[in-house]
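Numbering (this note's numbering), first residue to last: 49 to 353. No residue lacks a Cβ here, since even glycine has one placed at the ideal position from N, Cα and C. Only one structure is covered here, and it is reproduced in the block below.
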Amino acid sequence: MSTVVIKVGNDTFQKIQAAYASYRLPKSAPYTVFTAKKNSVTITGYTSGKVMFQGTTAETEAAKWQTSVSDVAKKTTKAAKLPADFQKLSVIGSDEVGNGSYFGPLSVCAAYAAKAVLPELKALGVKDSKLLTDPQIRKLAKKLLTLIPYRLLVVAPAKYNQIQPQYNAVRMKVALHNQAIRLLLDDIAPIKPDAILIDQFTPETNYYKYLKLEKQPITEKLYFETKGEQYHLAVAAASIISRASFLDSLDQASKELGFAIPSGAGAKSDQVAAKILQKGGRNLLANYAKLHFANTEKAQRLLQK
Ligand code: MN
Numbered sequence: 049m050s051t052v053v054i055k056v057g058n059d060t061f062q063k064i065q066a067a068y069a070s071y072r073l074p075k076s077a078p079y080t081v082f083t084a085k086k087n088s089v090t091i092t093g094y095t096s097g098k099v100m101f102q103g104t105t106a107e108t109e110a111a112k113w114q115t116s117v118s119d120v121a122k123k124t125t126k127a128a129k130l131p132a133d134f135q136k137l138s139v140i141g142s143d144e145v146g147n148g149s150y151f152g153p154l155s156v157c158a159a160y161a162a163k164a165v166l167p168e169l170k171a172l173g174v175k176d177s178k179l180l181t182d183p184q185i186r187k188l189a190k191k192l193l194t195l196i197p198y199r200l201l202v203v204a205p206a207k208y209n210q211i212q213p214q215y216n217a218v219r220m221k222v223a224l225h226n227q228a229i230r231l232l233l234d235d236i237a238p239i240k241p242d243a244i245l246i247d248q249f250t251p252e253t254n255y256y257k258y259l260k261l262e263k264q265p266i267t268e269k270l271y272f273e274t275k276g277e278q279y280h281l282a283v284a285a286a287s288i289i290s291r292a293s294f295l296d297s298l299d300q301a302s303k304e305l306g307f308a309i310p311s312g313a314g315a316k317s318d319q320v321a322a323k324i325l326q327k328g329g330r331n332l333l334a335n336y337a338k339l340h341f342a343n344t345e346k347a348q349r350l351l352q353k
């Protein structure tokens, strides 16, 4: 008699349970969801998501679920866990700003915070840029630019509109993060960071899918966390630098056009876009806004009224 235990995702578990529904036995042991006996094989599903096959043909029976098992395993592969004491390590952090704003560029920054500089960053008040006011961000960014190595990549709207049809937002971000990190690694060489942490904007599998399209993909010691700035000051610093650059771009745009250019993608953006369309048409708007946003159409409709 042999025993095979497989671990499956919720979907497959449901399928297995349904497949043996007509062979069910009254369940007995704790933590079991179901027990069934088909021919010589006893199948037990556990609350943990494990399914045990016991009996002379256990292997054959379990193998029926093998394809879907490996599929599920691939999908649910847990992201690599951060090394211990992560916040104390020398880390490259990477973050982007502007992705959700109709006006302004997409700015990506990778910043290197070595162990030795961490106390100073903390003392300066470096934290998630979302918790800081715009004036605080500008002030902190100025200090950071001379304090730590960084690479900032800014895709202005004109360029963004050119490449957006071929590069969806995720692919664009993957390319930019990878490039910023690669350039920064070159800058700080021969020093190597203990780790690289990207403020996560897409599932890890998706990141790697697009990374395959890059000529020089960086994968070594690469980690992803949502709210990455909570795990290391390098990500917080990167978010502050990219945010300050984004604010500067909006300021510059306001100066050029003679009226205030808002961030975000709300009704205010529609109104300002209508104003720009009136002034110089779609060609002018393309220099300041990400045209594929719904705001463009809304602005055109405002003009027709
Ligand atoms: Mn982010």
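What residue from the options has the CA that sits closest to residue i's CA?
| i | options | result |
| --- | --- | --- |
| R199 | A322, A223, Y336 and S290 | S290 |
| Y160 | Y94, M49 and D235 | D235 |
| G152 | Q212, K338 and N343 | K338 |
| E262 | E109, R230 and K303 | R230 |
| A334 | Q212, T60 and V156 | Q212 |
| K240 | I266, P74 and L295 | I266 |
| L154 | L351, I64 and S297 | S297 |
| F134 | V53, I196, L73 and K163 | K163 |
| K257 | A286, N226 and L281 | N226 |
| F249 | G276, L233, K327 and E304 | G276 |
| T108 | S138, V52 and Q278 | V52 |
| N216 | F341, T90 and Q352 | F341 |
| A158 | D247, G329 and A228 | A228 |
| N87 | A77, G97 and Y68 | Y68 |
| D299 | A77, I140, D247 and D182 | D182 |
| L137 | Q62, L195, D247 and P167 | P167 |
| A401 | S149, H280 and A132 | Within the shown structure, residues of the chain are numbered from 49 to 353, placing residue 401 beyond reach of any answer. |
| L281 | F82, A110 and V165 | V165 |
| A110 | Q264, F307, I54 and A66 | I54 |
| E273 | L130, V89 and T83 | L130 |
| I140 | P78, R330, P251 and A286 | A286 |
| D247 | Q278, L259, T253 and K260 | Q278 |
| Y271 | E252, L259, K260 and K207 | E252 |
Between which residues of its own chain and residue i is the CB-CB distance below 6 Å, once the five residues before and five after are set aside?
| i | result |
| --- | --- |
| K269 | A243 and I244 |
| T124 | Low local confidence applies: a pLDDT of 41 at T124 is under 50, so the model's placement there is unreliable, with the coordinate-based value given in what follows. G57, listed in sequence order. |
| K175 | A284 |
| Y336 | F151, P205 and A301 |
| K126 | Per-residue confidence for K126 stands at a pLDDT of 48, beneath the threshold of 50, marking its modelled position as unreliable; no derived number is given. |
| N209 | A334 and L339 |
| Q348 | none |
| K353 | none |
Just to confirm my understanding: we take residue i, look at its own chain, exclude 5 residues before and 5 after, and list those with CB closer than 7 Å. What are they?
| i | result |
| --- | --- |
| K122 | Summary for K122: the model assigns pLDDT 45, below 50, so the residue's position carries little reliability; its value from the coordinates is reported in the next sentence. Cβ neighbours of K122 beyond the five flanking positions: none. |
| K346 | D318 |
| A292 | I185, R186 and A189 |
| F294 | V145, G146, G152, P153 and S155 |
| K85 | Y71 and L73 |
| Q386 | The displayed coordinates of the chain run from 49 to 353. Any statement about residue 386 would go beyond what the structure contains. |
| N254 | V218 |
| L357 | Nothing can be reported for residue 357: it is not among the residues displayed for the chain, which extend from 49 to 353. |
Determine whether the Cβ of residue i lies closer than 9 Å to any Cβ atom of chain D.
| i | result |
| --- | --- |
| E268 | Here there is only one protein chain, and chain D is not present. |
Spatial neighbours of residue i within its chain, please: C-beta separation below 8 Å, excluding the five flanking residues on both sides.
| i | result |
| --- | --- |
| H80 | As written in the sequence, residue 80 is Thr, which differs from the His given in the question. Only T92, G93, Y94 and T95 meet the Cβ criterion. |
| I288 | V174, S177, L180, I185, L188, A189 and L192 |
| M49 | Q102, G103, T104 and A106 |
| L351 | A322, L325 and Q326 |
| P197 | A159, Y160, L232, D235 and I236 |
| I64 | V56, I91, G93, V99 and W113 |
| A171 | none |
| N343 | Y150, A313, S317, D318, A321 and A337 |
| G97 | K55, V56, G57, N58 and F61 |
Nearest-residue set for the ligand MN, Cβ under 5 Å from any heavy atom:
Those residues, listed in chain order, are D143 and D247.
Any contact of the region 302-313 with the region 198-218, i.e. 3+ C-beta pairs under 8 Å?
The region 302-313 is not in contact with the region 198-218.
Which complete alpha helix (DSSP H) runs does the region 210-288 hold, if anything under 4 residues is left out?
Under the rule that a run must span 4 or more residues, the alpha helix (DSSP H) segments found entirely inside the region 210-288 read 217-236 and 252-259.
Check whether the region 140-154 touches the region 206-226, taking contact to mean three or more Cβ pairs, one atom from each stretch, closer than 8 Å.
Contact between the region 140-154 and the region 206-226 is present, because at least three Cβ pairs lie under 8 Å.
Return the chain-ordered ranges of every beta strand (DSSP E) run that is complete within the region 136-190 and spans a minimum of 3 residues.
Listed in chain order, the complete beta strand (DSSP E) runs (minimum 3 residues) inside the region 136-190 are 139-145 and 154-161.
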